[in-house]
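Below: the structure, in C-alpha cells.
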Amino acid sequence: MPEPVDAADAVEMRAALAGLRRTSGLPVVFGGLLADARHARIGELNGAQTSALRGLVISAGSGLGGKAIALARPCAVTDYPVSRHISHEYDTAVAAEGLRSVVAVPVVVRRSVRGVLYGALRTPVTLGDRTFDAAVAAARDVEQALVVRDEVRELLALTRDQVAAPGPGAAPG
C-alpha cells in the first residue's frame with residue numbers, strides 16, 4: 042500500500058488538474074501521486090459528483106491509469122465500462138461516477154513514473170487531439186514542478202550536510 046504523498050507535491054497535482062479542467066472543458070479530472078513504484082492513490086478530484094474515486098489505490102498494470110503507469114505513456118478509452126484494452130478492477134468506482142471516455146497520463150520525472158492524472162467525460166465519445174494534448178500538457182506541468190521541488194530538496198540536504206560537517210582545522214570530536 043502506498044504511503045501518504047508529500048502535501049506540497051499534491052498541491053502541484055491539484056493545480057494542474059484545475060488547469061486541465063479549465064482548458065479542456067473536461068467535466069471530471071482527477072489524479073494522484075505514487076508513494077511507491079507500483080501504487081498511486083487518487084487524492085485529487087475536480088468535478089466529481091461522488092467520492093467513489095477518492096482514495097482509490099491504482100496498481101501498475103490495472104485499469105486505465107495502471108496501464109499508463111506500467112507503460113509510462115498516455116492511454117485512453119472511448120467507453121471505459123466495455124473496453125477490452127484494460128482490466129476492470131476499478132469498474133465499481135468508475136460506474137459510480139458515471140465515467141465513460143477517459144484519458145490517463147503518467148507524470149514522469151527523470152524516467153520514473155511519479156503519478157497519474159485523468160480526464161473524463163460521462164459520454165462515450167472519442168477524445169480529440171485538443172483534449173489529449175491538454176492532458177499531456179497538464180502532466181508535463183506537474184513533472185516540471187516536481188523536478189524543481191526535487192532539486193530544491195537535494196540542495197537543502199547538501200547544504201545541511203555541509204553545515205553539519207566540521208570545518209578545516211576543527212578539532213576532532
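So the sequence shown is numbered by our numbering: it starts at 42 and just counts up by one. Every residue gets a Cβ at the ideal spot worked out from N, C-alpha and C, and that includes glycine. Please read these numbers as outputs of a predicted model, since none were measured by experiment.
Rounded to the nearest angstrom, what separates residue i and residue j at their Cα positions?
i	j	result
A59	V70	8 Å
L74	A186	13 Å
R95	A89	9 Å
V52	Y159	16 Å
R79	R163	28 Å
V123	P147	22 Å
V135	G104	10 Å
T172	G106	17 Å
L199	D191	12 Å
P68	S128	24 Å
G242	D170	Lying before the first or after the last residue shown, residue 242 is absent from the chain, which here runs from 42 to 214.
R201	R82	31 Å
A178	R155	15 Å
A215	A76	Lying before the first or after the last residue shown, residue 215 is absent from the chain, which here runs from 42 to 214.
L197	D47	16 Å
Q203	Y121	52 Å
On the premise that residue j lies in contact with residue i, defined as a C-beta separation below 8 Å, what is that separation, rounded to the nearest angstrom?
i	j	result
A175	V157	Not a contact, Cβ separation roughly 16 Å.
A117	V143	7 Å
M54	V149	No, M54 and V149 are not in contact; Cβ-Cβ is about 14 Å, not under 8 Å.
Return the residue from the list the options that minimises the CA-CA distance to residue i.
i	options	result
T133	I99, A93 and D120	A93
A252	V118, G66 and E85	No information on residue 252 is available, as it lies outside the stretch 42 to 214 that the chain covers here.
H126	L140, V149 and K108	K108
P115	A205, A180, T200 and A137	A180
V98	A198, E130 and V189	E130
A49	R201, D202, R194 and Q203	R194
V188	L168, P68 and R151	R151
S153	L168, L112 and T167	L112
A137	G169, I110 and T91	T91
L168	G72, T119 and P68	T119
R65	L196, E184, A161 and D182	In the sequence as displayed, the identity of residue 65 is Ser instead of Arg. Ranking the options by Cα distance to S65, first place goes to A161.
L140	A76, P165, V177 and Q203	P165
R62	V204, I83 and N87	N87
In the DSSP assignment, what residue or residues form a beta bridge with residue i?
i	result
Y159	F71 and A145
A117	V144
R82	V98
D77	H80
V188	In DSSP, V188 forms no bridge with anything.
V154	V149
Output yes if chain D places a C-beta closer than 8 Å to the C-beta of residue i; else output no.
i	result
S124	No chain D appears in this structure, which consists of one protein chain only.
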